[in-house]
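Chain order of the listed sequences is S and V. Note that our numbering has the first sequence beginning at 1, numbered continuously upward. Note that our numbering has the second sequence beginning at 289, numbered continuously upward. Glycine included, C-beta positions come from ideal geometry on N, C-alpha and C.
2 protein chains.
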Amino acid sequence: MSPTHTAQLMDGTGLARRIVEATATNAAEISQRTGVAPCLATVLVGDDPASVTYVRMKRARCAKAGIRSRHIGLPASTTTAELVDTLTALSHDPQVHGILLQHPVGPGIDERAAFEAIAPEKDVDGVTMHSFGTMSFGLPGFVSCTPGGIMRLLDEYGVELTGKQAVVVGRSPILGKPVGMLLLAQDATVTYCHSRTADLPAIVREADIVVAAVGRPRLIHGQDVKPGAVVIDAGYNPGNVGDVDFDTARTRARLITPVPGGVGPMTIAVLLAQTVEAAAQQCHGLVG
Amino acid sequence: MSPTHTAQLMDGTGLARRIVEATATNAAEISQRTGVAPCLATVLVGDDPASVTYVRMKRARCAKAGIRSRHIGLPASTTTAELVDTLTALSHDPQVHGILLQHPVGPGIDERAAFEAIAPEKDVDGVTMHSFGTMSFGLPGFVSCTPGGIMRLLDEYGVELTGKQAVVVGRSPILGKPVGMLLLAQDATVTYCHSRTADLPAIVREADIVVAAVGRPRLIHGQDVKPGAVVIDAGYNPGNVGDVDFDTARTRARLITPVPGGVGPMTIAVLLAQTVEAAAQQCHGLVG
Chain S
1 MSPTHTAQLM DGTGLARRIV EATATNAAEI SQRTGVAPCL ATVLVGDDPA
51 SVTYVRMKRA RCAKAGIRSR HIGLPASTTT AELVDTLTAL SHDPQVHGIL
101 LQHPVGPGID ERAAFEAIAP EKDVDGVTMH SFGTMSFGLP GFVSCTPGGI
151 MRLLDEYGVE LTGKQAVVVG RSPILGKPVG MLLLAQDATV TYCHSRTADL
201 PAIVREADIV VAAVGRPRLI HGQDVKPGAV VIDAGYNPGN VGDVDFDTAR
251 TRARLITPVP GGVGPMTIAV LLAQTVEAAA QQCHGLVG
Chain V
289 MSPTHTAQLM DGTGLARRIV EATATNAAEI SQRTGVAPCL ATVLVGDDPA
339 SVTYVRMKRA RCAKAGIRSR HIGLPASTTT AELVDTLTAL SHDPQVHGIL
389 LQHPVGPGID ERAAFEAIAP EKDVDGVTMH SFGTMSFGLP GFVSCTPGGI
439 MRLLDEYGVE LTGKQAVVVG RSPILGKPVG MLLLAQDATV TYCHSRTADL
489 PAIVREADIV VAAVGRPRLI HGQDVKPGAV VIDAGYNPGN VGDVDFDTAR
539 TRARLITPVP GGVGPMTIAV LLAQTVEAAA QQCHGLVG
């Protein structure tokens, strides 16, 4: 890399906009054909301000794309059994095509039990073990939204994955683990790193593709980025800071996602796209 | 390593025997307490000689451990729907505690659809997406038998996993992928390699723990084994040859599984142990 090298930015904002536009067209087509607009149920337990804001934002995006949303707000005192009942009822409700349980659901609730109450065909947020299985085994199904967004970005920028060394930093059930499985399904050699990894910089230095997904500001030092690598920063920390030291990393990487405007906007775009896809599957054969 | 160094062998035969002995004791206790012996249903489609032999061997081992088995042999012409029906019926049969579908099931059948018809609480072979999810997320559940056997061997020999570099060669749904997830759950840094990996020897050279699980004779060269590494050979090829060049690898490794007598015997031991565990869970509260 020359001293003046600057990586190309991976424009998540633009790609997300195009996905949402296509999604709105599909939603309108389904509404017209069947008389039923795609519908996302959003479930929120408690009143954590950040979660309230996220859900409101997602519902506003739905509305703009011609997707109905039905909001179920539950008190913070909700038990696991009550939440499971709510999600089971939504799973059986033919008016609802996709289900989003805003998480974290807070202490005292078994989040995994709640996720598993979502029917796989309505799991448009890709949080169930079934969806993790389909992602892992390369089968049709919904993907976790942020991992799905990352894969679309890689595809959009023509990043070759076969035989490449991909390093995923982070191993959460809806981000690190599934994105590693999606990369593996596309024939990358995948290394999972995490808080107990002995020498993270040494592993990052070998990576053709780095996916940072831990939520620790500037955990990945720019000087550890291999020249010409592709850097995906799925971290989002206070002050618009990612998990990667962007300023240094961009002098070495070939492609890099900015924070914000990289991975972030992709998550909702995939959620909307999958909701309409779910509606299309469930309304298949319906004629309005 | 000195020129005369020889790795300690990881004795799967001995460990498997001890697991089966403990399993027989547990099976007898359940039989006595509830009046019901643990029961494994074995399902075989077609008459592939190797599969017939495997099923016969598993049933003989069950009998020796005080586990009943019920065999369902289906013709090679069986459809996916018929196989799913059979497995669904066994999933609902209170007399059956564990279900083993001998695989590969042969062409013309959707193996994944068949696996998914097995109830998670009877998935003692660890083949469902639900079991893959519980393995991946560190939740209680049954494990795939060979990966489970590998983890027991590592535990038996006191192999520290936290922060170690583990390299898994192979990515099948019931061997490579789950063993990687089990290693990750125990805080290893895990790299998945496979047929498209660009420079396998270079990656193996960095590994503290190598798990070879592809079924290609001597794919892993002994001289690529890091001195002091732990080598697990889950390959089994004609002529009792593993995926690792054993003779050279043992001059460098600290611990190594022989082939045969390493990983092989562990698979059935875990199957039997999980069958009795399933029976214990399902008979909980029953008093004979």
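Residue i and residue j closer than 7 Å at C-beta
{"i": "S:ARG196", "j": "V:THR450", "result": "yes"}
{"i": "V:HIS418", "j": "V:PRO408", "result": "yes"}
{"i": "S:THR191", "j": "S:VAL225", "result": "no"}
{"i": "V:VAL355", "j": "V:LEU328", "result": "Val is not the amino acid found at residue 355 of chain V; the sequence shown has Ile there. Going by C-beta atoms, V:ILE355 is nearer than 7 Å to V:LEU328."}
{"i": "V:VAL431", "j": "V:VAL502", "result": "no"}
{"i": "S:GLY148", "j": "S:VAL263", "result": "no"}
{"i": "V:CYS481", "j": "S:THR189", "result": "yes"}
{"i": "S:ALA212", "j": "S:ALA229", "result": "no"}
{"i": "S:VAL259", "j": "S:GLY242", "result": "yes"}
{"i": "S:GLY46", "j": "S:GLY108", "result": "no"}
{"i": "S:LEU74", "j": "S:MET135", "result": "no"}
{"i": "S:SER51", "j": "S:GLN102", "result": "yes"}
{"i": "V:ARG506", "j": "V:THR294", "result": "no"}
{"i": "S:HIS71", "j": "S:THR34", "result": "no"}
{"i": "S:PHE137", "j": "V:PRO466", "result": "no"}
{"i": "V:THR368", "j": "V:ASP411", "result": "no"}
{"i": "S:ALA279", "j": "S:ILE30", "result": "yes"}
{"i": "S:PHE132", "j": "V:GLY421", "result": "yes"}
Alpha carbon of residue i to alpha carbon of residue j, nearest angstrom
{"i": "V:ILE556", "j": "V:TYR342", "result": "10 Å"}
{"i": "S:GLN32", "j": "V:HIS385", "result": "50 Å"}
{"i": "V:HIS509", "j": "S:LEU255", "result": "36 Å"}
{"i": "S:LEU87", "j": "S:ILE99", "result": "8 Å"}
{"i": "V:ASP413", "j": "V:GLN562", "result": "8 Å"}
{"i": "S:THR13", "j": "S:THR78", "result": "36 Å"}
{"i": "S:VAL36", "j": "S:GLN95", "result": "8 Å"}
{"i": "V:GLU565", "j": "V:PRO326", "result": "9 Å"}
{"i": "V:LYS352", "j": "V:LYS452", "result": "38 Å"}
{"i": "S:PRO265", "j": "S:TYR236", "result": "12 Å"}
{"i": "V:GLY576", "j": "S:CYS145", "result": "Interpretation of V:GLY576 is limited by its pLDDT of 47, a score under 50 that renders its predicted location unreliable; the figure taken from the coordinates is listed afterwards. Between V:GLY576 and S:CYS145, the C-alpha separation is close to 50 Å."}
{"i": "S:THR257", "j": "V:CYS350", "result": "55 Å"}
{"i": "V:PRO515", "j": "S:GLY180", "result": "29 Å"}
{"i": "S:ARG17", "j": "S:ASP233", "result": "19 Å"}
{"i": "V:LEU560", "j": "S:SER91", "result": "36 Å"}
{"i": "S:GLY239", "j": "S:GLY261", "result": "14 Å"}
Proximity test, Cβ basis, 7 Å: residue i and chain V
{"i": "S:HIS130", "result": "yes"}
{"i": "S:ALA198", "result": "yes"}
9 Å Cβ cut-off: residues of chain V touching residue i
{"i": "S:SER51", "result": "Within 9 Å Cβ-Cβ: nothing; S:SER51 doesn't reach chain V, min ~22 Å."}
{"i": "S:LEU177", "result": "Before going further, note that residue 177 of chain S is Lys rather than Leu in the sequence given. Going along chain V in sequence order, the residues near S:LYS177 (Cβ under 9 Å) are SER424, PHE425, MET469, LEU472."}
7 Å Cβ cut-off: residues of chain S touching residue i
{"i": "V:VAL518", "result": "None at all; the shortest Cβ gap to chain S is about 15 Å."}
7 Å Cβ cutoff, residue i in contact with chain S
{"i": "V:TYR480", "result": "yes"}
{"i": "V:LEU472", "result": "yes"}
{"i": "V:GLY576", "result": "Because the pLDDT of V:GLY576 is 47, which lies under 50, any placement of that residue in the model is unreliable, and the number read from its coordinates should be weighed accordingly. Cβ-Cβ to chain S under 7 Å: no for V:GLY576."}
{"i": "V:THR376", "result": "no"}
Interface residues of chain S facing residue i [CB-CB closer than 8 Å]
{"i": "V:THR477", "result": "THR191, TYR192, CYS193, HIS194, ARG196, THR197, ALA198, ILE203"}
{"i": "V:ARG400", "result": "PHE137, LEU139"}
{"i": "V:LYS410", "result": "The contacting residues do not exist; V:LYS410 stays about 17 Å from chain S at best."}
8 Å Cβ cut-off: residues of chain V touching residue i
{"i": "S:PRO173", "result": "SER424, PHE425"}
{"i": "S:GLY163", "result": "ARG484, THR485, ALA486"}
{"i": "S:LYS226", "result": "In chain order: nothing, as chain V lies at least about 14 Å away."}
7 Å Cβ cut-off: residues of chain V touching residue i
{"i": "S:GLY133", "result": "MET417, PHE420, GLY421"}
Below-7 Å beta-carbon distance, residue i vs any chain B residue
{"i": "V:THR563", "result": "Chain labels in this structure do not include chain B; the protein chains are S and V."}
* Count the C-beta pairs between the region 403-415 of chain V and the region 442-457 of chain V that are closer than 8 Å, then say yes if the count reaches three, no if not. => Contact fails between the region 403-415 of chain V and the region 442-457 of chain V, because fewer than three Cβ pairs, one in each stretch, are under 8 Å apart.
* **Three CB pairs or more closer than 8 Å across the region 198-209 of chain S and the region 245-252 of chain S** => With a cut-off of 8 Å, the region 245-252 of chain S and the region 198-209 of chain S do not count as touching, because too few Cβ pairs lie within range.
* the region 303-319 of chain V contacting the region 360-378 of chain V, beta-carbon criterion three pairs below 8 Å -> Verdict: no, contact absent.
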